[in-house]
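Chemist: In our numbering, the protein residues as written are 3 to 159.
Set out below in structure tokens:
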């Protein structure tokens, strides 16, 4: 009985260690988006302007008609300011969306044109972009998004 218990504990520790290793490899524990650090935000603004502004706008305004589906099933790039839905998602979801692109999160009624930027940006740059975007939201939207971080955010975009 005691030996079985020890074997189960050992198996659990091996599985937990493997899960942590996978999360480390995928950047899950990387530096989060600190929207209070001016240097981090400035870096994020630079990266955003270089890699994101062409579609999402220099003022985070998105593309016109962003809520209207195109003939090919995609939607124009949504705003990243508080008028869009970015604040509804957790930091982890935003990180994965930027890194992997929208295709990973598609469902039948939604087709994303968002490319994955994981080859172009490292984890620190992605977190900096998220920090920059969040720094532009009004305080109440940052508070709402903090709740999304707590509960895991939405998975419907």
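We put the beta carbon where it would ideally sit given N, CA and C, even for glycine.
Keep in mind the model is a prediction, meaning the values are calculated, not measured.
By Cβ distance, which residues of its chain are closer than 6 Å to residue 88, with the 5 residues on each side in sequence left out?
Modeler: Within the same chain, residue 88 has close Cβ partners 82.
Chemist: Is it right to say residue 74 is buried, meaning 16 or more other beta carbons lie within 10 angstroms of its own, or is it exposed?
Modeler: Burial call: exposed.
Chemist: Hey, residue 128 and residue 101: beta-carbon distance below 9 Å or not?
Modeler: Taking 9 Å as the Cβ cut-off, residue 128 and residue 101 qualify as a contacting pair.
Chemist: Roughly how many angstroms separate the alpha carbons of residue 65 and residue 41, rounded to a whole number?
Modeler: Looking at the two C-alpha atoms, the distance is approximately 28 Å.
Chemist: In whole angstroms, give me the CA-to-CA distance for residue 31 and residue 16.
Modeler: Reliability of the predicted coordinates at residue 31 is poor, the pLDDT of 48 falling under 50, and no value is obtained from them.
Chemist: Taking the CB atoms as reference points, tell me whether residue 150 and residue 46 lie closer together than 9 Å.
Modeler: Contact: no.
Chemist: I need the straight-line Cα distance from residue 104 to residue 141, nearest angstrom please.
Modeler: Roughly 27 Å separates the two Cα atoms.
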